[in-house]
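Numbering of the sequence shown is given in our numbering, commencing with residue 550 and proceeding in unit increments. Backbone N, C-alpha and C fix where the C-beta goes; we use that ideal spot for every residue, glycine too.
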Amino acid sequence: SVLKLESSDGDVRKDTMEALGRVPVELLATHEAAVVDKLDDPDEMVRFYATMALLKMPVEVVATHAGAIADRLDDENKDVRKYAMVALGKLPLTVLTTHQAAIAKMLEDPNDGVRREAIQALGRLPAKQLAEQHTAALVSRLDDAYDRVRVCAKQPLGKLANGRPARSAGAI
């Protein structure tokens, strides 16, 4: 029962949220408020499973909770940050644009998976907006310690170069 999400036992809340994330999306959507509420749970695994459950919901539903999702970008758990970033990256462009500053900040996240998701989300922005506001930050990722981040950064920069591959002296 969804009422178990209010248990004082973190394991009970975690198991309940994990199970809720496995139900068909039509049923999951009826518990939208409970899922969003658990984005602020004190247990990091409850927050993780709440974030994962949101990813299953229709993008229109996720968009209505973009602010709560963006708040998870400061989460102590790298997986919560990463999947919050995935959720933001799927938002309609008008909503994504609203949160682009928070997304760009994640290019400096200590976790390479979070940085990759931030790059992909920013890569959805129109080329003019990307060029004016995020070029320097994306170019800095060409020198990232992780190969997969460097490769990922080339995609939106290639978009800015009108299809020509972006290059950097220190890149791959």
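Less than 8 Å separating the beta-carbons of residue 581 and residue 606?
yes
First and last residue of the alpha helix (DSSP H) that includes residue 677?
676-689
Rounded to whole angstroms, what's the CA-CA distance from residue 696 to residue 704? Just pull it up for me.
13 Å
Please report the straight-line C-alpha distance between residue 682 and residue 593, rounded to a whole angstrom.
32 Å
Between residue 629 and the rest of its own chain, which residues show a CB-CB distance below 8 Å, the 5 nearest in sequence each way excluded?
593, 596, 597, 600, 621
Relative to the C-alpha of residue 655, which residue among 686, 590, 574 is closest?
686
Pull up the distance between the alpha-carbon of residue 647 and that of residue 625, whole angstroms please.
23 Å
Quick one: residues in its chain with C-beta nearer than 6 Å to the C-beta of residue 567, no 5 flanking neighbours on either side, listed in chain order?
598
Which whole-angstrom value describes the C-beta separation of residue 698 and residue 673, a residue pair presumed to lie in contact below a C-beta threshold of 8 Å?
Contact doesn't hold; Cβ gap of about 17 Å is too wide.
Leaving aside the five residues before and after residue 604 along the sequence, list all residues of the same chain whose C-beta is less than 7 Å from its C-beta, in chain order.
632, 635, 636
Residue 596, DSSP secondary structure in three states
helix
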